[in-house]
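Q:
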Amino acid sequence: MSWLVYITVLFPLLGFLILGIGFRKLPDRITSWIGPGTILASFVISGWLFVSWPSHHLAISTSHPLFTWFSSGNLSVSFGFLLDPLSLLMMLIVTGVGFLIHVYSIGYMKEDPGYARFFAFMNLFVFFMLLLVMADNYLVLFIGWEGVGLCSYLLIGFWFRNREFGNAAKKAFIMNRIGDLGFLLGLFLLFTTFGSFRYAEVFTGASRIPAGDGTIIAITLLLFVGAVGKSAQIPLHTWLPDAMAGPTPVSALIHAATMVAAGVYMVARSGALYVLAPATLSVVAVTGLATALFAASVALFQNDIKKVLAYSTISQLGFMFLALGLGAFTGAMFHLTTHAFFKALLFLAAGSVIHALGGEQDIRRMGGLKKDLPKTALAFLAGTVAIAGLPPFSGFFSKDEILLTAFSSDFLWGLMAFAGSLITVLYMFRVYYLVFLTNFRGESHREKHIHESSPVMILPLIALAFLSAAGGVLNIPALFGGQEWLTRFLEPVFPGTETIPGDHGTLSAFTSWLLVAITVTGVVVMIYLAYRVFVRDRKGIYPDSSRRPWLPSLLSAGYYTDEIYRRLVTEPVQRFSGWLYRIAELGGIDRAVNGTGRLIKWTGSILRYIQTGHVGFYLFVMILGIILILACNIFIRG
């Protein structure tokens, strides 16, 4: 089985090497087969490994060391992979959703001159994400962690000739480095404490440490800083909306199957450490809940269709971290899975709209597209209903599991999470109504050329719409007569989590049903409210030239977070850098270097007079030198 594990990772790398080396010469037809084909091969193997996994003994996990990476003293790090229920789940998400996005990209990017280069970067992205989720130790995970950061930079700035897009790529890269500094410090402290980076040895060592130990709290907090950066949580969230500068398939891959999911996966994988740090879990829960509410409110008044979805991702990730902080590790992974389905669907459907409108992304210049883009409209509606949480769509089951956990842990937390879920319904149906139902508000020349996307773009939408609708069957709770399959499948990966308060099983059946009824009713009410405000009354569409009320202005600007960072961080750093440049560079280094040059030049200008060209003068100087040497010798000897 080991060789199957290895080639699962190597197929995307092989695709990257072929496309990366031959991207200038390979025909687009060959690229269209190699790019998605290598991801499909990894998905098929992942599916085979999943099907052949011993269901009678789910607790099994197999390590597949490839080679010893390096060894120094007591430190020996192997480059190896871990196969267990959690890694299998992530492998299927990364390769399955990744393959559908690759297929969609064949149609979306077909006219782009960087076609092969795009698929090379996409394959590399999937390779590093597989490395991250399949690693059997934290150091190999860190390689994948940094690799997806590199690929996000390459793909967000794919159209690098546009200066704004290049700045967005740099912003994503730099903000992630801030989080990665905390992650790296956490790894140093982890090795100092346990003497190993391997999950098995770290978790075994942690089991002997009492809960609440200060070192464990420090390790988990530092690791969480990395997750905050990678998964765009407050305060390191501002890079993700700007990351929409890249092609839409890139946005879908980042938001659904790769980069932002890495932080949630890492915390879940480290569950054995986090259950020993209740203080850290509280920080994780508070950060997640605050981010969920913050991003949901900002999404209400965004006009760029991709930025609405970006803030939606930040908010949904907040719900996942809330679940992690409450100890519902399976609930977080369940929502990560369903979110991968409907968020990929929403981004690709949005890309179909943008493609049809010749690059237009402002929802204020759209409208009435349902008649011209019926398949895209239906797909977007499926994703919208799923993220809203209407039964029986997948988002209903995963979101309600988190809400019930929050209510069972603390009623106020549950109430705030419920409010965040209702705002989600409002901003998502605002987008759907303004794009597909109301009258067209764009330029007439765009309206004339609106057409449905090609089949190669529509087929992934159909597949993702089906997964968004039916994905909830993975973990239908006992409350609805289900078997909670995903909970049982992942249970061996999360030992000790059953001791954490917050299990919604503590709620009575009547209370659970009541809460479910209230949430569904709330969703229906918000759908109607969105229709009344944005369709019937035609409110909430503010042209750039209009004067907005203070609240929409505040929310559309993202609470001025970027402005605050610019005033408090960017401008002071630039002023300090300018001062340092003038003092150290110009006043110190430049003066020293230029002064040395001038000294040598002046010395040469004096000594050049010795070079007269007269042999007699040279003999005189030689004899004078001999006399001076003899005089010095006599003087020294006394």
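First residue of the sequence shown? That's 6 in the working numbering, and the numbers climb one at a time after it. Even glycine gets a Cβ: it sits at the ideal position worked out from N, Cα and C.
(1) Taking Cβ to Cβ, would you say residue 102 is nearer than 9 angstroms to residue 469?
(2) The beta strand (DSSP E) that contains residue 86, what's its start and end?
(3) Could you give the residue range of the alpha helix (DSSP H) that holds residue 147?
(4) Which of the three DSSP states is assigned to residue 243 in this structure?
(5) By Cβ distance below 6 angstroms, which residues in the same chain neighbour residue 198 in space, the five residues on each side in sequence not counted?
(6) Quick check on DSSP: helix, strand or coil for residue 118?
(7) Which residue comes first and which comes last in the alpha helix (DSSP H) that contains residue 33?
(8) Alpha carbons only, please: which of 257, 258, 185 and 216 is nearest the one belonging to residue 229?
(9) Which same chain residues end up closer than 6 angstroms to residue 92 when comparing Cβ atoms and leaving out the 5 residues on each side of it in sequence?
(10) Could you check where the alpha helix (DSSP H) with residue 179 kicks off and where it finishes?
(11) Quick check: the Cα distance between residue 366 and residue 309, rounded to an integer number of angstroms?
(12) Can you tell me whether residue 94 sits near the ligand FMN, meaning its C-beta is under 8 angstroms from at least one heavy atom of the ligand?
(13) Taking DSSP as the reference, what is the three-state secondary structure of residue 76?
(14) Across the region 149-167 and the region 128-136, are there enough close Cβ pairs to call them in contact, namely three or more that are closer than 8 angstroms?
(15) So, helix, strand or coil for residue 309, using DSSP?
(16) Going by C-alpha to C-alpha distance, which of 610, 107, 379 and 335 sits closest to residue 124?
(17) Three-state secondary structure (DSSP) at residue 69?
(18) Quick check on this structure: which residue in 195, 592, 95 and 537 has the alpha carbon closest to the alpha carbon of residue 135?
(19) Have a look at residue 30 and residue 427 and give me their C-alpha separation to the nearest angstrom.
(20) Is the beta carbon of residue 246 less than 9 angstroms from the beta carbon of residue 175?
(21) Buried or exposed, going by whether 16 or more other CB atoms sit within 10 Å of the CB of residue 614?
(22) For residue 140, which residues does DSSP report across the bridge?
(23) Nearest-angstrom Cα distance between residue 477 and residue 395?
(24) Can you give the beta carbon distance from residue 211 to residue 278, rounded, assuming they're within the 8 angstroms contact cut?
(25) Output the distance between the C-alpha atoms of residue 325 and residue 225, rounded to the nearest integer angstrom.
(26) Ignore the nearest five residues each way along the sequence and tell me which others in residue 341's own chain have a CB closer than 7 angstroms to its CB.
(27) Would you list the residues sitting across from residue 377 in a DSSP beta bridge?
(28) Would you tell me roughly how many angstroms separate the C-alpha atoms of residue 183 and residue 514, rounded to the nearest one?
(29) Expressed to the nearest angstrom, what Euclidean distance is found between the alpha-carbon atoms of residue 391 and residue 75?
(30) With distances taken Cα to Cα, identify the nearest neighbour of residue 376 among 455, 159 and 638.
(31) Who are the near neighbours of residue 572 in its chain, counting only those whose CB is closer than 8 angstroms to its CB and skipping five residues on each side?
(32) Looking at C-alpha atoms only, which residue of 23, 18 and 272 is the closest neighbour of residue 146?
(33) How many whole angstroms separate the CB atoms of residue 328 and residue 407, which I take to be in contact at a CB cut-off of 8 angstroms?
(34) Report back the beta-carbon spacing between residue 47 and residue 84 to the nearest angstrom; my notes put them in contact at under 8 angstroms.
(35) Classify residue 367 as helix, strand or coil using the three-state DSSP reduction.
(36) By DSSP, does residue 203 sit in helix, in strand, or in coil?
A: According to the structure shown:
(1) yes
(2) 80-88
(3) 143-161
(4) coil
(5) 220
(6) coil
(7) 33-56
(8) 185
(9) 138 and 139
(10) 168-199
(11) 5 angstroms
(12) This structure lacks the ligand FMN; in fact it carries no ligand of any kind.
(13) strand
(14) yes
(15) strand
(16) 107
(17) strand
(18) 95
(19) 51 angstroms
(20) no
(21) exposed
(22) 86
(23) 11 angstroms
(24) 5 angstroms
(25) 17 angstroms
(26) 266, 269 and 325
(27) In DSSP, residue 377 forms no bridge with anything.
(28) 45 angstroms
(29) 46 angstroms
(30) 455
(31) none
(32) 272
(33) 5 angstroms
(34) In fact, because the Cβ distance is near 18 angstroms, the residues do not count as touching under 8 angstroms.
(35) strand
(36) strand
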